[in-house]
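Each remark here refers to the structure printed beneath this line.
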Amino acid sequence: MACVGRESRILLLPVLTSYIILLVLLQSSTAQGAEPRPFIRNTANAPREFREGDDILLTCVVADLGNHTVWWSKRGNGKKTILTVAERSITSDERVSLLHDRAPSYNSSLISSGGDVWVLVIKNARVSDAGIYVCEINTNPSLTSIYVVSVTSHPFTVTTANASATQVALRSTHNYTDCCVQNSVSPQCLGFCAIHNILEGKTGIEPEACETYFPFIVKCMADMRNHVPCCDKQGVPDICQDLCRGEYTMQEDRIQSHFSCTSYTEATLMCISEGIEIIPSAPGSPSVEVLGPNSIQVRWEPPPPGTPEPEHYLIQYTTITRFDPPVDVVGNVTNTTDDSDDQLPQPKRVTVKVAATQTEAVVNSLTPMTWYEVSVVSENMHGTSLPSYNLRVLTHARQANKTAVVHPELPDVVGCCSDKGVKHYRCLRNVCDPSNRYINEPDMIVCAPWATEAFSCLANDMDHSDCCRERGLPPLCVELCSGNVTKIDFKYFRCVDYFNEYRSCLMKGYNVLPGPPRDVGVSNVHANFVLLHWSPPEMLGNSVTTYHAYFRPIQPSRECESKWFINNLEVSYHGVYTQSSPFVLEKLCEDTEYEIYVQAVNKHGTGDPSARVLFRTPSIVHERKLEETSYNVTHCCVSVQISPGCMPLCDYNARMSHVRMLATTCSGELPNILRCAVGGRNHQPCCQRRGVPESCMSLCAGTFSSQATPAVCMPYIGNIMMCLEEGVGYLPGPVRDLKATKVADREVTLVWQPPEKGSNITQYQLHYQSVDKHSAALAVYSLNNTMNLTDTVATVPNLKTGNMYNFFVITMNEEGTSLPSAVLTINVTEEHEDDSGLTGVSSAPHSLVLDAKTATTLTVVWQPPEFAHPTDRFIYELHFRALGSPGDPDNYNITTTAATALRLENLTPNTQYVIYVTATTDKGESRPSETLLAWTDPAYPAFVEAPTVHPINLIVEGGKMTVLCIAMGSPPPTVSLYISGVLIHQDETRHMVTVVQNVTRDMREISCYADNGYGTPMQASRTITICP
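Numbering (our numbering) for the sequence shown: 964 to 1991.
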């Protein structure tokens, strides 16, 4: 096409457009069978999370579909279920449908047969809808787009999946709307205030809209009854029993608040419905009065009329060892305590039964000066109520009724000044009034003429000089305390700053201040608090209005110093006010000596301090010992070299926002993080109790399985993490350094080391079994033969000579078992040998899968060993060779990696390879994994299309153009772009786009060149016209 000017090009645009449309029409009418290949456009198919009851919408965008067909399917548990084909739903589930724009009614060869968007719709999502969904086109090979869907449950979403397992008769008449209204529940949410509405799905509003009111709704629903026994009977796990206690756990960002209890909601609601009819309500208005150092009196009111009658009441009282919610103690505990120096007193709970006809009771035999938490519940043959609220009380000697406070009279100093000729009102009010707390320099100047009379009257014929010296007044000011002042000049102005101390000495001399408190002492000394007590002063004890206690540490520790500095200035004493004895002195530092004294205060001022008392808080030695012996998941993650960016996941209560954000980035490190979180313990019994499905049970043993997909297991992540955190505290840890010290005829001697931390092991269990070279690599959690031992050495007799055996050791206690940390494979020979170097190693890697392949590459992924110590660091050796290649068949090529995936490169096309993997730690190399046979793709010579240039026409000199080179071949070819014989761009790809800036006239010939090393390289060219 000839180049034309700018104005001419503008005029020609309509003509050119018509020409292009005509050309396209002619090509479409003459070209037969040139149908484009369909493809699925990039779709946001990251894992999707839905709430139960929402609508699931999954979008698949297909271009150039032509005569092909789109269908949706769901995959899981090795099965594939077709949901829709084209625009039809072929499943019996009426919730499933498809959204798609049909073809327009008019006919045109330029219009495709319908829209590109195919939306799978699943109405009213259920937890069972979680899984993997696939959008697929029936090409050869088929094109797919995968969507991972998870559905989180809601505590008020009821499923009927296990309704048959619930054997409680439903009484759905429980309506607690009045209680909800009293607790200010929104009118829109009152539909949740009747159990039958929840069970029948007639609440009228989505649960998410009312979640802020659920704590009040659940409390009203339980109606102060304890439904936990019924929930236990119906198999509701402990973490799902908050509704049974009238509590609601809000989902937070922390991972342990994300647990699934949907399958138990119906059983819970039915227990509540039954319990309301038969369990008594809580006693009303409980109160406690201290009768003496060993007894208290508890009073309450009967439950409201119209509720089930109680058969008796239960008074429960628990000792408090710290001022937060006391440690939960199950059952009645004896009064014996361990008084060893390195342990704090342990809490104990005692229950007293009282007849239903009584509404008060006296509890005796209590410990003096001890804090107790007291509650009262109703009980009958069906169960107990919940307490209305708990009370806290301190047992101490009961004081006699305190008489009215008597304020001692002050001398009439103002009258004395007036009689001696002081007439100025300011002097009578400010200087001559001993109750005045402030005086300033102008007062001293105005009253200087009457100084002799004023200070003589203030002294009241007494010399207060000694007191003033004790309080630090300078010698000049001490003259004022004697009452013998002849005149006042400017030098006495500095005494204004000491007026409070001067006044205090006057009050002491007047004998109107209380004496020092008596019998000051401390008891119940704990690491962080003590109980301070004293007796009123002998002098003017009935005038005391309050007490001021001062305390300070003597040589505080570094951790304690921060509490005793304000703005980097050391504070000598901390002071607290209290009305009476005793007083709880809190927030002390452990293992620190303190000095304390008390002063009594009345209307006129503060009396002399009491005697100083020194005491030392104990060290929390036993708590530190527990911390040192407890399992540290962070330390494990550091040991296995988890990257810093993934360390937030090494937390049993990590943030869900971190989990979602780092799941993809840290996917390669998740096996190590999970192994550290499990800590070598077998948490599967706990996970089973807490409702974790069988498909996710491998996570509780520290391994990933093909069934443990995020879509299935994410709703139970809180259930799992609770079990892991609790289990590392009471389950025994794994053994270390399993070795065979002697292999002899028909017997083997093994030794091992106990876990690094913790002594909660009751016995060891040795497992062993005869295996062959193929089954030796399998990780089997229970072998045919076992030996229970209490020592860390064992001799296994009666073995068969010439057989191969697998050995491993687990630890046991009353709570459960550990996982095997190493496997020892031994060939029993007739010769005696002492082999101290035969060491147990991890089990073999497993589940080898071919992830991707080309003509020259194979990508293999696998799972880490199932039996390993949590702190083991693996280096994997991938062994491979071409099947049928000449040479030694046992001669494999080896490549190493620390990841659980590896791409083998520079392989031969169309060749079958034998592949297996071993894991190596500092203890040695594991057995080989299973063998994987995989073919590389055949090689196809490179093919390249003629370059495509944009703009198609009117390429202007000095402007820019975009060149597209499209090539095919296997392996992927190296594509080169040449312009007029000059190499511009080169890349190994099938689609190479190059933007050429500053186009010149000599850029007339554009060539795309492709070569993949197979066959003859190919070049395709075209000539373009550059317009000036």
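Glycine residues also receive a C-beta, built at the ideal position from the N, C-alpha and C atoms.
For T1231, the closest of P1516, S1943, N1747, D1205 by C-alpha to C-alpha distance is D1205.
Collapsing the DSSP output to three states places L1637 in a helix. If you draw a straight line from the Cα of K1566 to the Cα of L1494, it comes to about 27 Å. The beta carbons of S1933 and D1900 sit closer together than 9 Å.
The Cβ atoms of L1687 and Y1615 lie closer than 9 Å to each other. When A1864, T1911, R1515 are compared, the shortest CA-CA separation from L1577 is found for R1515. When beta bridges are read from the DSSP output, G1922 appears opposite no residue. Counting other Cβ atoms within 10 Å of its Cβ, S1055 stays below 16 and is therefore classed as exposed. As DSSP reads the structure, F1843 sits in a beta bridge with N1856, I1878. The alpha-carbon separation between V1601 and G1570 amounts to approximately 60 Å.
G1887 carries a strand assignment under DSSP once its states are collapsed to helix, strand and coil. Taking 9 Å as the cut-off, the beta carbon of C1203 is found no closer than this to the beta carbon of G1690.
Contact check for Y1473 against P1572 fails: the beta carbons are separated by 9 Å or more.
Spanning the alpha carbons of I1878 and D1216 requires a straight line of approximately 43 Å. Here the alpha carbon of R1638 sits roughly 41 Å from the alpha carbon of R1953. For a cut-off of 8 Å, the C-beta gap from T1032 to N1101 is around 5 Å, short enough to register as a contact. With respect to V1024, P1001 sits apart: the two C-beta atoms are not nearer than 9 Å.
With respect to the 9 Å criterion, M1955 and A1905 are not classified as neighbours on the basis of their beta carbons. Of the candidates H1370, W1413, I1408, the residue whose Cα lies closest to the Cα of V1385 is W1413. According to the DSSP secondary-structure assignment, F1906 is paired through a beta bridge with M1931. Counting along the chain, T1704 sits inside the beta strand (DSSP E) bounded by residues 1699-1707.
Given a length threshold of 4 residues, each whole run of the alpha helix (DSSP H) inside the stretch 1533-1600 is given here in chain order: 1584-1592. Sequence-distant partners of P1695 (beyond 5 residues in either direction) whose C-beta falls short of 6 Å from its own C-beta, in its chain, are N1723, I1724, T1774, N1776, S1781. Here T1270 is buried, its C-beta having at least 16 other C-beta atoms within 10 Å.
In the three-state reduction of the DSSP assignment, H1275 falls in the strand class, which pools E and B. Considered as a whole, the stretch 1747-1793 harbours 1748-1752, 1756-1759, 1767-1776, 1787-1790 as its complete beta strand (DSSP E) runs of no fewer than 3 residues, in chain order.
When DSSP reads this structure, F1002 sits in a beta bridge with A1026.
Spatial neighbours of F1667 in its own chain (CB-CB distance under 8 Å, excluding positions within 5 residues in sequence) are listed in chain order as L1633, P1634, L1637, S1661, Q1826.
When the five nearest sequence neighbours on each side are left out, the beta carbons in the same chain lying within less than 7 Å of the beta carbon of N1160 are those of G1154, T1166, in order along the chain. Per DSSP, the beta bridge partners of R1515 are E1558. In the three-state reduction of the DSSP assignment, Q1151 falls in the helix class, which pools H, G and I.
Per DSSP, the unbroken beta strand (DSSP E) holding E1336 starts and ends at 1334-1343. In the same chain as I1838, and ignoring 5 residues on each side of it, the C-beta atoms closer than 7 Å to its own belong to T1859, A1861, T1883, in chain order.
Per DSSP, F1667 lies in no beta strand (DSSP E) segment and is marked neither H nor E. Nearest to S1348 by C-alpha distance, out of Q1960, G1247, E1416, Y1388, is G1247.
With contacts defined as CB atoms closer than 9 Å, N1189 and G1346 qualify as a contacting pair.
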